[in-house]
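Reviewing the structure listed below.
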Amino acid sequence: GEDVEQSLFLSVREGDSSVINCTYTDSSSTYLYWYKQEPGAGLQLLTYIFSNMDMKQDQRLTVLLNKKDKHLSLRIADTQTGDSAIYFCAESNQAGTALIFGKGTTLSVSS
Amino acid sequence: EPEVTQTPSHQVTQMGQEVILRCVPISNHLYFYWYRQILGQKVEFLVSFYNNEISEKSEIFDDQFSVERPDGSNFTLKIRSTKLEDSAMYFCASSEGRGLEFFGPGTRLTVL
């Protein structure tokens, strides 16, 4: 069945780049997503990429998609302490009617 | 910026009681969803709703669960007889088309 895997923790220093990786199984997903969850808060749609794209850049965020390897990554440039949160990778299910989430990567940024 | 809202933010109930979680999706959105997140675990899909009917549901969404769009703005999730394992954060989401789902802040349900 569909599944999304991501590493659980990443620790970086303020000002460094962060790279969060994800692998997924469903090659028919139209979109792939990154959501951000701050402590006690909901899921914020951070960015997304169409499956026919290789890369998308949005200010400090760069999403890279390798469809052949079913690998998605999120790079955050100049990471700030306010970027500390849990980052969820998600893909659409085959019918496009639901999202399948990874377990989330906890990003810890130290000053 | 339009957003999905959910009430209440925290609901405490006794096992066996019925609860209704409420959501107001973004006004021009047509697709509505419920997800849940048990503490420390993945966000799990429960149900999607379109054109006044369920379009997909997961195996979690058994006969104890139901959804309704009682008027033009609200979208509700009812749990008929709550169990301890229903304790979780419940997220409502909406989208204009398929994909690009925007989530609400969640309702934390605690079943005692």
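Quick mapping for you: the protein sequence lines, in order, are chains X and E.
Read in order, the letters of the first sequence are residues 8 to 118 in this note's numbering.
Read in order, the letters of the second sequence are residues 2 to 113 in this note's numbering.
Each residue gets a CB set at the ideal place from its N, CA and C atoms; glycine is no exception.
For Ser82(E), the nearest beta carbon of chain X is not closer than 8 Å to its own beta carbon.
Residues of the same chain with a CB within less than 7 Å of the CB of Gln65(E), apart from the 5 flanking positions on each side, are Ile80, Arg81, Ser82 in chain order. Relative to the Cα of Leu52(X), the nearest Cα in the group Phe95(X), Arg82(X), Ser91(X) belongs to Phe95(X).
Two segments are said to touch when three or more pairs of C-beta atoms, one from each, lie closer than 8 Å; by this definition the region 83-90 of chain X does not touch the region 69-80 of chain E.
Taking every protein chain shown into account, the CB of Gly98(E) has fewer than 16 other CB atoms within 10 angstroms, so this residue is exposed.
Contact residues of the region 25-57 of chain X toward chain E are Thr37, Tyr38, Ala48, Gly49, Leu50, Leu52, Tyr55 (C-beta to C-beta distance below 7 Å). Contact annotation for Arg99(E) against chain X: Thr37, Ser99, Gly103, Thr104 [CB-CB distance below 8 Å, chain order]. Note on the region 72-113 of chain E: whole beta strand (DSSP E) runs with a minimum of 3 residues are 76-80, 89-96, 108-112, in chain order. Around the C-beta of Lys84(E), fewer than 16 other C-beta atoms lie within 10 Å, and the residue is accordingly described as exposed.
Residue state for Thr37(X) is assigned as coil, using DSSP reduced to three classes.
Every beta strand (DSSP E) stretch that sits fully inside the region 37-65 of chain X and reaches 3 residues is listed by chain position as 38-44, 50-57, 62-65.
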